[in-house]
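Single-structure report; data block below.
Next up, the structure:
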């Protein structure tokens, strides 16, 4: 079975042209994506992270076949982006923050009816599908209200309902929570995780700059900066990439040789003869490590787990120059 | 199921969408009817100035100005709709933000454009009928026995080249976003040189070749001959042949330009920009 999303060496440069560039100026070029290769497996929730201008939205638009890449190609559920764009569009559902993508003077049901026809649905199949997505998004009671009267949360749910019309294999979520309040955001996150991912088994590409959300629901992460893919892989592994930022903190007293032997030389601080140092050991390795340290004459006064937030790791990754740790998985 | 089999469903979906949206602005229906009444009344009054003054230019059309001009005015609405609907649809969808949601569905841009034409064509046809109903029932116009086949063929062949010009305008909007020189130029020159409110025969000789390349000139001539002189297909064959040739030319040009326009916009990443 092909991966849900596969990208091979995608590059995209935008050219800014105006009347001056026709006459005497060179056009300005902006490299939006540079040699991006990425794989998202079926059923996975991948977070696409990056600061503003990193190329996230360009990548989403290439996947939605709205922009053609300059080089490279990719596929969605085995359908080529460049050769089978209509088939690709049958396999994706797109949710973004823009509520202007609906017809405000039509009701929710009328909007869905219109878009269902564009997804090649007709007759009873269309009626049944609309009923199903309304039920899924719990909008049955609001379906016959005009879209203009929906709350932000309801608009976003209708956007999901529309994305689910073709029963897509992949859902592209582009900054989907940016217009939602904290309660609606929480509902949206749990809906994505519990319904779209767990129940409906959809593959989700979650494009966001809200790192806490990505941290909460994503199985894997891809981090972009200046159009380049800094890292991609399982979320947990990415967190361990920046050494010394996850693991355990020991407050102890003991011979330096022993500390060096157990890779405890990364000293955070010393105070009153006690040393606080970091260990990158996994939770499973800790009991054994504690026993061996005690046997080596080390007195342990305090032991605590370090759970680094994705935000601090992300900040470090995207602000550190010339770092190239590479692909994790 | 092939994409072509879904076409009628999509066509109807656009028709329903546009009708429901238009129906939600009820006052607009009333104001459109009122505008037609006022326009018709204005030209009726202008025609009063020419009453009793025989004009050689109007003789091929029965000699009366009001029935002549009413056809021109009603058809202008049709010309503007056919020429500008595609570009307006793209521009409006870009501005509103609906273009993205249309283009991520497995529906081609040509289907979107053609389908979006359905309601506009229908509503313009109703307006044209309303022009004639006002002319007949309010201002006492009468038309001799009309050859329905000749009339339908004239309308269709007038529509086709305008349809091609409409595609050309839409591709311009796709690439350059603002301004629509193709549509504006055609509507303006059609009004000036196409024989809308005066016969083409009054134009200076040097302008006649420009008038001849406009589909409207031949479309209006054919429709006037059918409505005012009871002409059949044989009598208007010259206009029909020219309209066929213009249809081939403009539809081919329009199709090629929309293909390349879309390609350029996707390449530049500017498809959704406005």
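Residue numbers (the working numbering), protein chains in the order written: chain A, -10 to 318; chain B, 901 to 1174. Note that beta-carbon positions come from the ideal geometry of N, C-alpha and C, so glycine has one too.
Let me check understanding here. Comparing Cα to Cα, which of 227(A), 42(A), 250(A) and 33(A) lies closest to residue 281(A)?
Position 292 of the first chain holds residue 281(A). Checking every option, the nearest Cα to that of residue 281(A) belongs to 250(A).
Measuring CB to CB, does residue 47(A) end up less than 8 Å from residue 22(A)?
Start at 1 with the first residue of the first chain, and residue 47(A) comes out as number 58. Start at 1 with the first residue of the first chain, and residue 22(A) comes out as number 33. It is a contact, given that the beta carbons lie within the stated cut-off.
Shortest alpha-carbon distance to residue 186(A) belongs to which of 165(A), 163(A), 164(A) and 159(A)?
What you label residue 186(A) is simply residue 197 of the first chain in a count that begins at 1. The option with the nearest alpha carbon to residue 186(A) is 159(A).
I want to verify the contact list: residues of chain B whose CB lies under 8 Å from the CB of residue 153(A), in sequence order.
Working through the first chain from its first residue, we reach residue 153(A) at position 164. What residue 153(A) touches in chain B: nothing, since even the nearest Cβ is about 13 Å away.
How many Å lie between residue 103(A) and residue 116(A) at the Cα?
Counted from its first residue, the first chain places residue 103(A) at position 114. Counted from its first residue, the first chain places residue 116(A) at position 127. In this model, residue 103(A) and residue 116(A) are separated by some 11 Å (Cα to Cα).
Between the segment 1113 to 1120 of chain B and the segment 1136 to 1144 of chain B, can you find at least three pairs of beta-carbon atoms closer than 8 Å?
yes
Using DSSP's beta-bridge definition, name the partner residues of residue 18(A).
As a first step, residue 18(A) is located in the first chain; it is residue number 29 there, counting from the start. Bridge partners of residue 18(A): 4(A).
With a threshold of 7 Å on Cβ separation, who are the neighbours of residue 0(A) within its own chain once the five nearest residues in sequence on each side are excluded?
Within the first chain, numbered from 1, the residue matching residue 0(A) stands at position 11. Same-chain partners within the cutoff: 22, 23, 24, 58, 59, 60 and 61.
Would you check if there are 3 or more beta carbon pairs closer than 8 Å linking the segment 34 to 42 of chain A to the segment 202 to 213 of chain A?
yes
Using a Cβ-Cβ cut-off of 7 Å (strictly less than) and excluding sequence neighbours within five positions of residue 965(B), which residues of its own chain qualify?
Counting from 1 along the second chain, the entry for residue 965(B) is found at position 65. If we look at residue 965(B) and ignore the five residues flanking it on each side, its Cβ neighbours are 947, 950 and 958.
Quickly, what does DSSP pair residue 82(A) with across the bridge? List them, please.
The residue labelled residue 82(A) in the question sits at position 93 within the first chain. Partner(s): 160(A).
Which class does residue 220(A) belong to by DSSP, given the choice of helix, strand or coil?
For the purposes of this step, residue 220(A) is identified with residue 231 of the first chain, where counting begins at 1. Residue 220(A): strand per DSSP, three-state reduction.
Residue 196(A) bridges to which residues according to DSSP?
The residue labelled residue 196(A) in the question sits at position 207 within the first chain. DSSP output for residue 196(A) lists 37(A) and 163(A) as bridge partner(s).
Considering only residues of the same chain and omitting the five flanking positions on each side of residue 131(A), which have a CB-CB separation below 7 Å?
Taking the first chain and counting its residues from 1, the one referred to as residue 131(A) is at position 142. Excluding residues within five positions, the ones whose Cβ falls inside 7 Å are 97, 139 and 143.
Please name the residues in the segment 978 to 998 of chain B whose beta-carbon is closer than 8 Å to at least one beta-carbon of chain A, in chain order.
Listed in sequence order: 996, 997 and 998.
Closer than 6 Å by C-beta to residue 64(A): which residues in its own chain qualify, once you throw out the five before and the five after it? Chain order, please.
Sequence index remark: in the first chain, residue 64(A) carries index 75 (1-based). So the list reads -5, once near-sequence residues are dropped.
Would you tell me roughly how many angstroms separate the C-alpha atoms of residue 1213(B) and residue 88(A), rounded to the nearest one?
Here chain B covers residues 901 to 1174 and nothing more, so residue 1213(B) does not appear.
Going by beta carbon distance, what residues of the same chain come within less than 6 Å of residue 961(B), once the five residues before and after it are set aside?
For the purposes of this step, residue 961(B) is identified with residue 61 of the second chain, where counting begins at 1. Excluding positions up to five away in sequence, the list reads 968, 1124 and 1128.
Considering just the uninterrupted stretch of the beta strand (DSSP E) at residue 267(A), what are its terminal residues?
Counted from its first residue, the first chain places residue 267(A) at position 278. Unbroken beta strand (DSSP E) run through residue 267(A): 263 to 268.
Determine whether the Cβ of residue 57(A) lies closer than 8 Å to any Cβ atom of chain B.
In the first chain, the residue the question calls residue 57(A) occupies position 68. At a cut-off of 8 Å between beta-carbon atoms, residue 57(A) makes contact with chain B.
Can you list, in chain order, the residues of its chain whose CB lies under 6 Å from that of residue 271(A), leaving out five sequence neighbours each side?
One-based indexing of the first chain puts residue 271(A) at position 282. If we look at residue 271(A) and ignore the five residues flanking it on each side, it has no Cβ neighbours.
What are the start and end residues of the beta strand (DSSP E) that includes residue 212(A)?
Position 223 of the first chain, counted from the first residue, corresponds to residue 212(A). It spans 209 to 214 - the beta strand (DSSP E) in which residue 212(A) sits, taken as one unbroken run.
Determine the direct distance from the alpha carbon of residue 266(A) to that of residue 315(A), and round the result to whole angstroms.
For the purposes of this step, residue 315(A) is taken as residue 326 along the first chain, with counting starting at 1. For the purposes of this step, residue 266(A) is taken as residue 277 along the first chain, with counting starting at 1. Model confidence at residue 315(A) stands at a pLDDT of 40, short of 50, so the residue's coordinates are unreliable; what they give is reported in the following sentence. Roughly 27 Å separates the two Cα atoms.
So, at 7 Å on beta carbons, what are the nonlocal neighbours of residue 207(A) in its own chain, with the 5 sequence-adjacent residues on each side left out?
Counting from one through the first chain, the residue named residue 207(A) turns up at place 218. Taken in chain order, the residues that qualify are 34, 35, 36, 195 and 224.
Can you tell me where the alpha helix (DSSP H) holding residue 291(A) begins and where it ends?
One-based indexing of the first chain puts residue 291(A) at position 302. Careful: residue 291(A) lies outside any alpha helix (DSSP H), inside the beta strand (DSSP E) at 288 to 295.
Along chain A, in chain order, which residues have C-beta atoms closer than 8 Å to that of residue 920(B)?
In the second chain, residue 920(B) corresponds to position 20, counting from 1. By Cβ distance, chain A contributes 94, 95 and 99.
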